[in-house]
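One structure below.
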Ligand code: AMP
């Protein structure tokens, strides 16, 4: 990443502590962490677009009024275990230095994290007793309402792109700013399927993969049966489809066949917020690490399958603690151990 570009842009986050001190004077270690991040191998870089937020979450295990969240945050954190990540998002001037530090410590490039006057996007949700349902209590778009993703020049040649859940037209616009993509896809949600259908169809038409949950797959396709739903969605354009089924796992539809992965059985689910996004991060992160290139033909079914398992692994870690907390200590060794455990549990 070009340090000068990062430091020069008034609207970009300072590379120091995220407050107002210049990086060189910053008493904290954030600048050092960020410098380390910029030395990462850029070749397999993944650009992630979406929300960086503060969340309030209540589950049967407790309640947190305000903590770091957002789709791009979860995707980026999960993917960072596999590949260098570049985030495109917007935050307000209330965005804390310690949250910048966490992202920087994971080597995430923050040149595309815009900081503008106002408040950071805030979302609040409450989970049911079995945690399979959640109710959104509050969505304050704040600075996210005017989000117009602008890709820094240093992002545009990245080979991988994960479009988090934002307005389809913005997702399309981001994709158009990139050249040399080897694999691109993303996520969406019921709101866009219901109220922006034409725009969404136009957007996903040329995606390499689409990740959605089962109720969204049914809504998008108009089919209840997931096999028929998948066939319809693949006819809409995406070459590969992953239908996420929460604690029940995920189904991959790729290369003319399908693969069913169960969910990892956790002792305790503390907070499922972000699990779907972490799935996406593990999925694309693994494929980026492998260096897959759809321009050279199809991705092998084995790689797609392993990507689904790494997605499930990262989603499961996400649920073990509140918010992003599990990623503060999680190591790649733990990721590999769980991947092997997954393999052993499903082999027959
Ligand atoms: P997940 O549990 O995977 O659906 O992701 C939850 C995350 O998505 C939370 O951290 C929220 O901040 C973020 N989020 C919730 N609603 C929206 C929205 N409408 N647009 C973008 N991000 C959102």
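Numbering (my numbering), first residue to last: -6 to 341.
Virtual Cβ for every residue (Gly too), placed ideally from N, Cα, C.
Beta strand (DSSP E) runs contained entirely in the stretch 151 to 198, provided each spans 3 or more residues: 153 to 156, 176 to 180
DSSP-derived helix/strand/coil call for residue 21: Mapped onto the chain shown, residue 21 falls at position 28. Legend: pLDDT at residue 21 = 40, less than 50; position of this residue unreliable, no value from coordinates given.
Three-way DSSP call (helix, strand, coil) for residue 31 in this model: The sequence position of residue 31 within the chain shown is 38, counting from 1. Here residue 31 scores only 44 on pLDDT, less than 50, and its place in the model should not be relied on; the value that follows carries that caveat. Helix.
Residue 41 to residue 270 span [Cα, whole Å]: Residue 41 sits at position 48 when you count from the first residue of the chain shown. Residue 270 sits at position 277 when you count from the first residue of the chain shown. If I take the Cα positions, the gap works out to 11 Å.
Boundaries (first-last residue) of the alpha helix (DSSP H) holding residue 279: Position 286 of the chain shown holds residue 279. Bounds of the alpha helix (DSSP H) holding residue 279 are 268 to 283.
First through last residue of the beta strand (DSSP E) which encompasses residue 338: Position 345 of the chain shown holds residue 338. Careful: residue 338 lies outside any beta strand (DSSP E), inside the alpha helix (DSSP H) at 325 to 339.
Reduced DSSP secondary structure (H/G/I, E/B, other) of residue 358: In the structure as shown, the chain starts at -6 and stops at 341, and residue 358 therefore has no counterpart that could be examined.
Residue 338 classed as buried or exposed, judged by whether at least 16 other C-beta atoms fall within 10 angstroms: As a first step, residue 338 must be located in the chain shown, where it is residue number 345. When all chains shown are included, residue 338 counts as exposed.
The stretch 292 to 309 touching the stretch 327 to 336, judged by at least three CB pairs closer than 8 Å: yes
Cβ contact check for the stretch 120 to 130 and the stretch 139 to 150: 3 or more pairs under 8 Å: no
Touch test, the stretch 206 to 218 against the stretch 227 to 237, Cβ-Cβ under 8 Å, three pairs minimum: yes
Heavy atom of the ligand AMP within 7 Å of residue 121 beta-carbon: In the chain shown, residue 121 corresponds to position 128, counting from 1. Result no, Cβ not under 7 Å from the ligand AMP.
Endpoints, the beta strand (DSSP E) within which residue 69 is located: In the chain shown, residue 69 corresponds to position 76, counting from 1. No beta strand (DSSP E) contains residue 69, which is instead part of the alpha helix (DSSP H) from 64 to 72.
Helix, strand or coil at residue 114 [DSSP, three-state]: Walking along the chain shown from the start, residue 114 turns up at place 121. DSSP, read as helix, strand or coil, puts residue 114 in coil.
Close Cβ partners of residue 186 (< 8 Å) along its chain, the five nearest in sequence each way excluded: If you number the chain shown from 1, residue 186 lands on position 193. Closer than 8 Å at the Cβ level, and outside the excluded window around residue 186, lie 193, 209, 212, 213.
Expected contact under 8 Å - CB spacing of residue 71 and residue 43 to nearest Å: Stepping through the chain shown from its first residue, residue 71 is reached at position 78. Stepping through the chain shown from its first residue, residue 43 is reached at position 50. Wrong, their Cβ atoms sit about 12 Å apart, outside the cutoff.
CB contact flag (residue 138, residue 106, <8 Å): Here the question's residue 138 lines up with position 145 in the chain shown. Here the question's residue 106 lines up with position 113 in the chain shown. No, Cβ-Cβ distance for residue 138 and residue 106 is not below 8 Å.
Assigned secondary structure, residue 313 (DSSP; H/G/I helix, E/B strand, else coil): On the chain shown, residue 313 is found 320 positions in, with the first residue counted as 1. If DSSP states are grouped into helix, strand and coil, residue 313 belongs with coil.
Distance between residue 330 and residue 188 (C-alpha atoms, nearest Å): The residue you call residue 188 lines up with position 195 of the chain shown. The residue you call residue 330 lines up with position 337 of the chain shown. Roughly 42 Å between the two C-alpha positions.
Spatial neighbours of residue 343 in its chain, beta-carbon cut-off 8 Å, leaving aside the 5 residues before and after: Residue 343 cannot be examined here, being either before or after the span of the chain that is shown, -6 to 341.
Terminal residues of the beta strand (DSSP E) in which residue 92 lies: Translated into positions along the chain shown, residue 92 becomes position 99. Counting along the chain, residue 92 falls outside any beta strand (DSSP E), though it belongs to the alpha helix (DSSP H) covering 90 to 98.
Closest by C-alpha distance to residue 287, when choosing among 243, 263, 232: Start at 1 with the first residue of the chain shown, and residue 287 comes out as number 294. Minimum Cα distance to residue 287 is reached at 232.
Backbone CA spacing between residue 215 and residue 100 [nearest angstrom]: Along the chain shown, one-based indexing puts residue 215 at 222. Along the chain shown, one-based indexing puts residue 100 at 107. Roughly 41 Å separates the two Cα atoms.
Distance cut-off 7 Å: residue 116 Cβ against heavy atoms of the ligand AMP: Here the question's residue 116 lines up with position 123 in the chain shown. Within the cutoff, so yes.
Element boundaries [alpha helix (DSSP H), containing residue 210]: In the chain shown, counting from the first residue as 1, residue 210 sits at position 217. Looking at the DSSP string, the run of the alpha helix (DSSP H) that includes residue 210 is 207 to 214.
Residue 58: CB within 7 Å of a non-hydrogen atom of the ligand AMP: Translated into positions along the chain shown, residue 58 becomes position 65. Because no heavy atom of the ligand AMP lies under 7 Å away, the Cβ of residue 58 does not count as near it: no.
Length of the line joining the Cα atoms of residue 53 and residue 314: In the chain shown, counting from the first residue as 1, residue 53 sits at position 60. In the chain shown, counting from the first residue as 1, residue 314 sits at position 321. Taken atom to atom, the span from the alpha-carbon of residue 53 to that of residue 314 is near 13 Å.
Where residue 121 falls, given that 16 or more other Cβ within 10 Å makes a residue buried: Working through the chain shown from its first residue, we reach residue 121 at position 128. By the 10 Å Cβ count, residue 121 comes out exposed.
Residue 267 CB to nearest heavy atom of the ligand AMP below 7 Å: Here residue 267 corresponds to residue number 274 of the chain shown, with the count starting at 1. Yes, Cβ of residue 267 sits closer than 7 Å to a heavy atom of the ligand AMP.
Top-ranked residue by Cα proximity to residue 283, from 328, 162, 153, 311: For the purposes of this step, residue 283 is taken as the residue at position 290 of the chain shown. Residue 283 has its Cα closest to that of 153, out of 328, 162, 153, 311.
Neighbourhood of residue 109 by C-beta, 7 Å cutoff - its chain only, sequence neighbours within 5 removed: Position 116 of the chain shown, counted from the start, is the residue given in the question as residue 109. Around residue 109: 4, 83, 85, 136.
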